[in-house]
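Here's the structure, in structure tokens; my notes come after.
In the numbering used here, the protein residues as written are 606 to 774.
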């Protein structure tokens, strides 16, 4: 959706005040693009999925339809050990969809040079109706047995979970 110009910032990051989803819109299709950023070693809880309109008002997308979802993660690990531990998850606030858990694991990271790794893919598993209420995004490490372990490194600013959602009237 590169033709969409970023228009406003979505709201309600509860744990990290400066970390809020970003929204872009396209008037012709009445679709908003909602970006939910992620932070290594943190769980970010959001109050509800929505965006800030041109007048500064929070607009909830609860009741609207998710039309597609994708992730973009660029991970810069502190050591090669951290690459194999990478896990990112989002509890997607959606009803009537095949899944509510959006998960990215180390096996989906591809080396892109200079010690950087990237995961990019799309999914229709979350196409459904956005529900009201809280949801979260988390990036953490896991070992071979699935136990949570420390993860060291950083993500690029555009790393996170993206959604195309119908725009409320």
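A virtual CB, placed ideally from N, CA and C, is assigned to each residue, including glycine.
Contact between residue 756 and residue 690 holds: their C-beta atoms lie close to 5 Å from each other, under 8 Å. Per the C-alpha coordinates, the member of 696, 734, 675 and 679 positioned closest to residue 762 is 679.
Excluding its 5 nearest sequence neighbours in each direction, residue 759 has C-beta neighbours in its own chain below 7 Å: 645 and 681, listed in chain order. C-alpha of residue 736 to C-alpha of residue 771: approximately 13 Å in a straight line.
Straight through space, the alpha carbons of residue 693 and residue 718 are spaced by roughly 21 Å. Your pair residue 731 and residue 750 does not check out as a contact, with CB atoms roughly 28 Å apart and the cut at 8 Å. Distance from the CA of residue 699 to the CA of residue 670, rounded to the nearest whole angstrom, comes to 9 Å. The Cβ atoms of residue 769 and residue 650 lie no closer than 7 Å to each other. The C-beta separation of residue 725 from residue 674 comes to about 12 Å, leaving the pair out of contact by the 8 Å criterion.
The straight-line gap separating the alpha-carbon atoms of residue 702 and residue 658 is approximately 27 Å. Taking 8 Å as the upper bound for CB-CB distance, residue 722 and residue 688 are in contact here, some 6 Å apart. Annotation: residue 660 is outside any beta strand (DSSP E) and is labelled neither H nor E by DSSP. Taken through DSSP and simplified to helix, strand or coil, residue 635 comes out as coil.
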